[in-house]
Each structure stands twice: as structure tokens, then as C-alpha cells.
Amino acid sequence: MNVKTRFPPSPTGFLHIGSLRTALYNYFFAKKHGGTFLVRIEDTDRERYVEGAVESLIRTLDRMKIDYDEGPIFVNGMLNEKGNNGPYVQSQRLDIYKKFAHQLVYSGNAYYCFCSKDRLEKLRAQQQEIKQTTKYDRQCLSLTKDEIQKLLASGEQNVIRMKIPEGKTTFHDEIRGDVTIDNQEIDDQVLLKADGFPTYHLAVVVDDHLMGVTHIIRGEEWISSVPKHIMLYKWFGFPLPIFAHLPLILNPDKSKLSKRQGDVAVEDYLAKGFLVEVLVNFVSLLGFNPTADREIYTREELIGSFDLKKINKSGAVFDVNKLLWMNGQYIKMLSEEELVARVKPFLKREVSNDILRRICTVEKTRMNLLLDITSIVELYLSQPAYEKEILIWKKSNKEDAIEQLKNIYQFIKSIDENIFNDIQLIEQALTLYIKDNDLQNGNVLWPLRAALSGLERSPSPFELIWVLKKQEVMNRIEHALKILS
RNA sequence: GGCCCCAUCGUCUAUCGGUUAGGACAUCAGGUUUUCAUCCUGGUAAGGGGGGUUCGACUCCCCCUGGGGUCACCA
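Take any residue in the first sequence, count from 1 to its spot, add 1467: that is its number in this note's numbering.
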């Protein structure tokens, strides 16, 4: 089978976490079956139009390394597109939708409606009051041909509505099985709005067919409007695609993932220093598990094991905690060179490559976000301020701390420069120093480490010495001694 | 509220009629360590309730309950 999937975001200015997963699943499915994946911009709501939204969306997909075979792209900084089924921006396809909407009017499956928004609002309010299903009352359906012609000729505002027939509509969903909905529940959906733009329902059906889409993989919030789509497919004589409705991604309180309860924009997570591969890995596992004995998967593994049949039916809470853990895991797997490269865009000040590399080596195990680097770097670039109390080990006292720091200062001063280029050698030298002088680790190491970091918790003194180098180490010990006396 | 969907540890999940119900995050305890982090070991923790079907149900069916989604000239 020739598989073709699609990702149709509305241009809201950012990529929602839930949309990311939808995009990923469509992308995985197409890749897995050697099919085609297309991106289409669904900008039929001009009231929600956001300047530059398409551009930022393309950029984000690019950053997420989700490549598509058809859709809008940048060519030399200009918005363009690739593929033979364009345009891929719905606002540029208005004539097409208009043609199809009118076709439905001629065939009797749709009709003009001239009701004002005001009237519709009142009608809805009335229906709600008597706890009735809110539906259009079909007032305009009784208009005669002449009346319609007259209204049309006078330029009266109008929309085109579906004429929902009686009966029931059943469709098959790859994830949920058969779903049946009584047509009585369905409103006479507007297909073509007064401003000449189509609604989502008309546009998706027409575009998915015209663009050759075979599988529609999208969020569960669409499941109740599938019957409308089925009718349109039937009326137009289009073959039905395969539907798969994904479970929702949820807030901790189990409601649909939304702003308000934390970040939902992929861009925000990227800005915090979550790795692209982590976002892909983590979001993919919300509702789908390749093997269940593992959490870390490469993109290739995800593609290889992707299967609509393996997708869960129930919604999944988006647990930022676990995301954070996974990010830490990936960071630890990165080589020092890679980490340096990843961290660079987050730097707020100049750092030499050598020092940055050393910092990354030493701090890797305690970094969960790439953004952490900004505060970490400060520690090494300038003498930190701190209270003298932290220089004193809990099992010791101030006098001993001074004594130890004075001695270690002399010792470090005496060490050969070459030693400072190897953490192992530094550790050996210090360990030997402690042993030879019959000292205790804590008495020496704690004040030293505190003097170098100004922190209660930090990397080991050996690592700090390696990054700071001889002169700065001596400076910081001197500083500590000054504070203590 | 009508309709639709869903239901295993707090969270993400495995199980596709027979398991001591497994893994991961979180959490707790311990080990390594000058501290933190990492790492290692171990623990607490789950099939919403009621009926069936069956020799046997987390697993299949029904009801209830609970949660969610949807009811726009938004997607």
C-alpha cells in the first residue's frame, strides 16, 4: 500500500506538545512504510491569524528534525513549497473549497443560510435553557429558490451548511474500533463561512483527498466530527481514508494538556535546554511503547517499531519530572565534545573552549538541562561570594580549617604545573598528601572544596582544581583564608 | 446536560485466560563519597465496584461508578 500521512497544524505561533506527538506519529508511520509525509497549513480562521506563525512553525519542525516530503519550506529565506499537490496553505486554496461547497448545494446536500450570528446565538441560548441539543433550526432550509436568488443578488451575508440526513453513521478507527454516532446528534455544520473561507471540516476532507492522504492520524478531540467528514467523503464520491484517533496528552489533573498548567510549547522546552532527541523520545512514549523494558530509544528504533495497533486508548499525563530525568540521561550519554557544542548556544558570556570542555566534563553528571550551564559557568569564571561558615567541615572547627587551608596552599604551590592537567594525578597527589601527613579526608577536602566553589555542594576538589588551574586555585584559597581570619 | 471515548502502582507503561502482576519516573531505606550529583542494592506502591462467561479472569461480555473529549461562521 502506498502510504501518505499528513500533519496539519493551525498557525498559532508555536508547536504544542500534543501536536508534536501527532506530527511524530504521522512521520513515523510514513517512514516505516516508505510512504510520504506532508505538512499543510490550516489557516482558515483569519481571526486567529498570527504574523510569522508559519515561518516559526517551519523552523521548529526543522529544529526537531522532522522532515517532510511535501509542504511549505524556505528557499533562500523566502516562503516557498515543495510537492506536486500544492498549494499547501489553505488560505491559498479558497477557490477549490468554494467549488466543492457549491457542488454540494447543487446536489442538495448543502444549503445557503442567511441567519445572523445574533439569531444563532439567541437560538442556542434558548435550546440550552430547555436542555436541548444545540442545533441550527434549519430556518433557511425552507427558503424558495427565488428567495435565495434574491438574497444572494442583494449581497446578503451567507454561509453554506451541510444538510445532515437522518440515520446513523458508523466508522472504523484503527485505535478504537467501530464507532457509531446518531446523525441526530450532528448539527448542520457550516462548510463555507461568510468571509468565503471554508471551515476545518470542508477543508480537511477536500485537501486530504486531493493530496492523496491515505491515513489520518490525529488527536481524539476530532473523533466526534468524523461522521461529518464521512458524509462529505460520501457526497463527493471520495474513497475513505483510514482513521486513527490518538489519546489525549493530559495535564497532571487529567484535563487536556493546556497552557496555564505549564509549558506546552515545544519551543519553550527547547529554550530550557531539553534535547531534541529527548523531546522526540519522551513524547513518542506517551501512548506508545515499543518494548516496555526500556525508556531510551533512538528515532530509528521508534520508526522501526511504530505500529498503530500498539497505541494506547487512554490519555497520558505529561510528567515533566520524567522528562527532566530523561534529559539528564541523554546529557550523560553525550561525549564532552558534543556537550560543549550543545551547551554553547546557552552561554551568556565568553568562555574558552578548553575551560568549557573541562566544565562540561566535571559537571555532566549534575546537569539536567542545557540551560544549567549559564549558572554553572559563573562558578568557574569568577570568585564566588559565600559565608565563611561553609568552609568549616561539620566534624571540624574554624582553627583547623585555617590550618588545613594554609598547609594545602603551600602544598599546591609546590606541585608541578603538569599535574594540573590531569584529574587523576591531582587526586593522587592530594590523597598522598593526606596520607603522608596523617590527615583525614574530610578535614582537608571539605575546606578545600568549599574554598574553591563557595558552595556546600559541588564537584570534588580534584575536579575543581583541574578546571580552575593552579593560579586561580591559590587565589581562591587565599580568599578563603582572608574570610576566615 | 446529550452524545462519544477511556479505566493496571502517584505518573508513563508490560501482560494479549493460568505470572510471586514486570519495567521506568517519583518516593523511602542502604552502599560508594569530604559534599552534591552520578552509580549500585533493596523497599513501599496497582488491576474502581457489581454481575456474568469459563476449570480458571487484570485480560471476554453487561451494568454502575469515575475520568476525559465534544457539542462555533475555532482548529
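Idealized CB from N, CA, C, for every residue including glycine.
Computed from a predicted model, the values in this text were never measured in an experiment.
Mind checking which residues open and close the alpha helix (DSSP H) that includes residue i?
| i | result |
| --- | --- |
| A1947 | P1928 to L1951 |
| D1655 | Here D1655 belongs to no alpha helix (DSSP H), and DSSP marks it neither H nor E. |
| G1644 | Counting along the chain, G1644 falls outside any alpha helix (DSSP H), though it belongs to the beta strand (DSSP E) covering G1644 to D1649. |
| R1526 | A1520 to R1530 |
| E1768 | R1766 to S1772 |
| P1694 | V1693 to F1703 |
| N1910 | N1908 to S1920 |
| T1681 | It is not in any alpha helix (DSSP H) - T1681 carries neither H nor E in the DSSP assignment. |
| E1894 | I1890 to D1903 |
Confirm, please, whether the CB-CB distance from residue j to residue i is below 8 Å.
| i | j | result |
| --- | --- | --- |
| L1546 | V1521 | yes |
| F1929 | Y1900 | no |
| Q1796 | I1763 | yes |
| K1602 | D1654 | yes |
| R1513 | D1662 | yes |
| T1611 | E1652 | no |
| N1650 | T1637 | no |
| L1801 | N1835 | no |
| P1851 | S1920 | yes |
| L1953 | K1799 | Lying before the first or after the last residue shown, residue 1953 is absent from the chain, which here runs from 1468 to 1952. |
| G1434 | P1714 | The chain is shown from 1468 up to 1952; residue 1434 falls before or after that span and cannot be answered. |
| L1618 | F1581 | yes |
| V1829 | P1914 | no |
| D1847 | L1906 | According to the sequence displayed, residue 1847 carries Tyr and not Asp. No. Outside cutoff. |
| W1933 | I1875 | no |
| D1536 | F1504 | yes |
| L1769 | M1531 | no |
| A1568 | L1669 | yes |
| G1782 | I1716 | yes |
| N1910 | D1867 | yes |
| T1466 | A1497 | Absent from the structure is residue 1466, since the part of the chain shown begins at 1468 and ends at 1952. |
| Y1579 | I1508 | no |
Across which residues does DSSP place residue i in a beta bridge pair?
| i | result |
| --- | --- |
| F1755 | I1778 |
| M1629 | A1577 |
| E1537 | L1505 |
| L1713 | G1686 |
| V1745 | Answer is none; V1745 lacks a bridge partner. |
| K1635 | D1649 |
| D1640 | G1644 and F1710 |
| K1789 | Its beta-bridge partners do not exist; DSSP assigns none. |
| A1732 | H1483 |
| P1665 | L1659 |
| V1784 | L1717 |
| N1542 | Before going further, note that residue 1542 is Val rather than Asn in the sequence given. Partner(s): M1545. |
| V1671 | None, per the DSSP bridge assignment. |
| K1723 | L1717 |
| V1556 | I1508 |
Which two residues bound the contiguous beta strand (DSSP E) that contains residue i?
| i | result |
| --- | --- |
| C1580 | A1577 to C1580 |
| E1548 | M1545 to K1549 |
| W1472 | It should be pointed out that residue 1472 corresponds to Thr in this sequence rather than to Trp. Unbroken beta strand (DSSP E) run through T1472: K1471 to F1474. |
Express the C-alpha separation of residue j and residue i in angstroms, rounding to a whole number.
| i | j | result |
| --- | --- | --- |
| D1839 | G1740 | 8 Å |
| F1785 | H1696 | 30 Å |
| W1689 | G1704 | 22 Å |
| I1944 | A1732 | 45 Å |
| E1542 | E1817 | The sequence given here places Val at residue 1542; Glu does not occur at that position. Answer to the nearest angstrom: the Cα atoms are 33 Å apart. |
| G1679 | I1642 | 22 Å |
| E1894 | L1912 | 11 Å |
| L1951 | K1865 | 8 Å |
| R1488 | L1837 | 22 Å |
| Q1616 | I1627 | 14 Å |
| H1639 | T1681 | 14 Å |
| K1499 | S1583 | 49 Å |
| A1918 | S1477 | 54 Å |
| D1730 | V1750 | 14 Å |
| P1539 | L1724 | 27 Å |
| N1551 | Q1624 | 35 Å |
| N1469 | L1823 | 49 Å |
| L1872 | I1525 | 57 Å |
| P1475 | Y1494 | 12 Å |
| S1558 | R1833 | 48 Å |
| L1948 | K1880 | 15 Å |
| L1742 | Q1593 | 52 Å |
| K1855 | L1922 | 11 Å |
Handout entry: Any alpha helix (DSSP H) of 4 or more consecutive residues that is wholly inside the stretch 1792-1879
Key = 1803-1810, 1820-1830 and 1840-1848, all fully within the stretch 1792-1879.
Handout entry: Ranges of the beta strand (DSSP E) found wholly within the stretch 1575-1624, counting only runs of at least 3
Key = Counting only runs of 3 or more, we get 1577-1580.
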